[in-house]
Amino acid sequence: MKKGDICEARAERMEFPNKGIIHVEDEKIIVKNAIPGQKVRFVINKKRHGKCEGRLLEVLEPSPLERKPEDGVCPHFGICGGCLYQSLPYEEQLRIKEQQVKELVDSVCSSYVFEGIKGSPIADGYRNKMEFSFGDEYKDGPLALGMHKRGSFYDIVTTPECRIVHPDFCRILETTLRYFSERGVGYYRKLQHVGYLRHLLVRRAVKTGEILVALVTSTQTDCLPEGCQNEAELLDGWKQQLLEQKLTGTFAGILHIKNDSQADVVQSDETVILHGKDYFYEELLGLRFRISPFSFFQTNSLGAEVLYETARGYVGETKDKVVFDLYSGTGTIAQIIAPVASKVVGVEIVEEAVEAARENASLNGLDNCEFIAGDVLKVIDELKDKPDLIILDPPRDGIHPKALEKIVGSFRCKRMVYISCKPTSLIRDLIPIQEAGYVVKKVCCVDMFPSTANVETIALLELPD
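The C-terminal residue of the sequence shown carries number 473 in our numbering, and the numbering is unbroken.
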């Protein structure tokens, strides 16, 4: 078998995150996005150092495990790049993720208790935030608004029937796309850095139903078609159309975000409030959190309650103890632990997140939380408190090796709880943690992202007596 060969075979299983495993002539081939049980056609596109990879060309036969479109599968599935497991029953999705994580942990841990996986309270409509992109579905096609096409950096698939968001998101998307399409307003072209419409950011609180919508554009009003160059009038018309929609939730705010960055990111050079305010409140385990357009907050509010309840169980008794929450984000975990702890110290590199954490702690009447803005690697040496317990909740890439060395070497905490949104990063970090003398006592998964390949993992680490 050589590069360029086209083969047909059936996927046997899937390794994290999306590696379909296929054998042809006793040779193992990785074909991304091939679901177990599917018969697929693929082309060998990489073969070196004893590893063989194929690119999926076509699904010839669905997996016996897959649901049919009439059973509620998203009509955009397979074209949109947002979901991998949309066609599988939720129980099967959980089984696959559970197996993937256990195999990864087993590869570095010889003795621990694996507590399986906890599902999201809801598998459909669970996301509380979406960043939709403007573009076209094919070159020079009509305006599209939605998600990137699978495997494409440029093509956008309009997703008015997306299953992982509340229907309010879809109505807002449809209204926005129709409004700007009718007026001939074009999108921002990433290669040429020319155009107006960039993204549509939608956030919706699960507990309160409050909605925050932000239209992200460039400042290139000269790109607007004749009759639309009065930007204020154009955006006022968009706002009015949104307010006329019959939604389940209510608008907390409608915003215009100006972004002239050449990078394809959602950020603000200037934010203008068109209606209401630029924040709303979400509730989590009895606490209130103020959410703004760029606040870091778990994208599955109900799933986050499961995750943090599980983490709180792993943390155990905190009465009269000092807890360090490293990589604390907006301080959600810190505030959940704080009511029964002596003191909680959160460290986070993003200053806006630290400000939000302080504000939310004040909102919740918690005066024993201290939040420090800075890189964990540098701040560790400056911390005066000695922790009784450490909670680690790093970004997807895990903990910087030098920071990890300091954490396990300087404090020698009896107990640490590691919360990971990328199992492979957790596995990499568990190796030096165990070499430092810690024992992995138990591991549990929480599915925060139904229909996708992602999963949260929690590990309890202890130093033997």
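Glycine included, every Cβ here is placed at the ideal spot set by N, Cα and C.
I need the DSSP call for residue i, collapsed to helix, strand or coil.
| i | result |
| --- | --- |
| ALA346 | helix |
| GLU169 | coil |
| VAL121 | strand |
| PHE495 | What the structure shows of the chain is the stretch from 9 to 473, and residue 495 is not part of that stretch, so it cannot be assessed. |
| ALA152 | strand |
| ASN368 | helix |
| ASP455 | coil |
| ILE380 | strand |
| ARG296 | strand |
Taking the straight line between their C-alpha atoms, what separation do you get for residue i and residue j?
| i | j | result |
| --- | --- | --- |
| HIS201 | GLN270 | 6 Å |
| ASP244 | LEU282 | 7 Å |
| SER128 | MET456 | 6 Å |
| ILE125 | HIS207 | 34 Å |
| LEU102 | VAL109 | 11 Å |
| ALA342 | PHE379 | 9 Å |
| GLY90 | ASP393 | 43 Å |
| ALA349 | SER141 | 43 Å |
| ASN267 | VAL280 | 12 Å |
| THR340 | LEU315 | 11 Å |
| VAL404 | CYS429 | The amino acid occupying residue 404 in the given sequence is Arg; Val does not appear at that position. Near 6 Å, if we compare the C-alpha coordinates of CYS429 and ARG404. |
| LEU468 | TYR322 | 6 Å |
Compute the distance between the beta-carbons of residue i and residue j, then report whether it is under 8 Å.
| i | j | result |
| --- | --- | --- |
| THR307 | LEU397 | no |
| THR167 | HIS84 | yes |
| GLU20 | PRO44 | yes |
| ALA17 | VAL67 | no |
| VAL352 | ALA346 | yes |
| VAL355 | LEU334 | yes |
| VAL454 | GLU443 | no |
| GLU139 | LEU209 | yes |
| ASP383 | ILE357 | yes |
| ILE29 | GLU61 | no |
| LEU232 | TYR204 | yes |
| LEU151 | TYR195 | yes |
| LEU250 | ILE265 | no |
| ALA312 | PHE288 | no |
| ARG212 | GLY257 | yes |
| THR338 | PHE305 | yes |
| LYS11 | LYS55 | yes |
Would you call residue i buried or exposed, if buried means 16 or more other Cβ atoms sit within 10 Å of its Cβ?
| i | result |
| --- | --- |
| PHE161 | exposed |
| THR227 | exposed |
| VAL448 | buried |
| ARG197 | exposed |
| ASN238 | exposed |
| GLN275 | exposed |
| SER119 | exposed |
| ARG171 | buried |
| ALA240 | exposed |
| ILE439 | exposed |
Assuming residue i and residue j are in contact, meaning their beta carbons sit under 8 Å apart, how far apart are those beta carbons, in whole angstroms?
| i | j | result |
| --- | --- | --- |
| ILE52 | ASP13 | 5 Å |
| ASP437 | ILE407 | 5 Å |
| SER95 | GLU74 | 4 Å |
| LEU371 | ARG296 | 6 Å |
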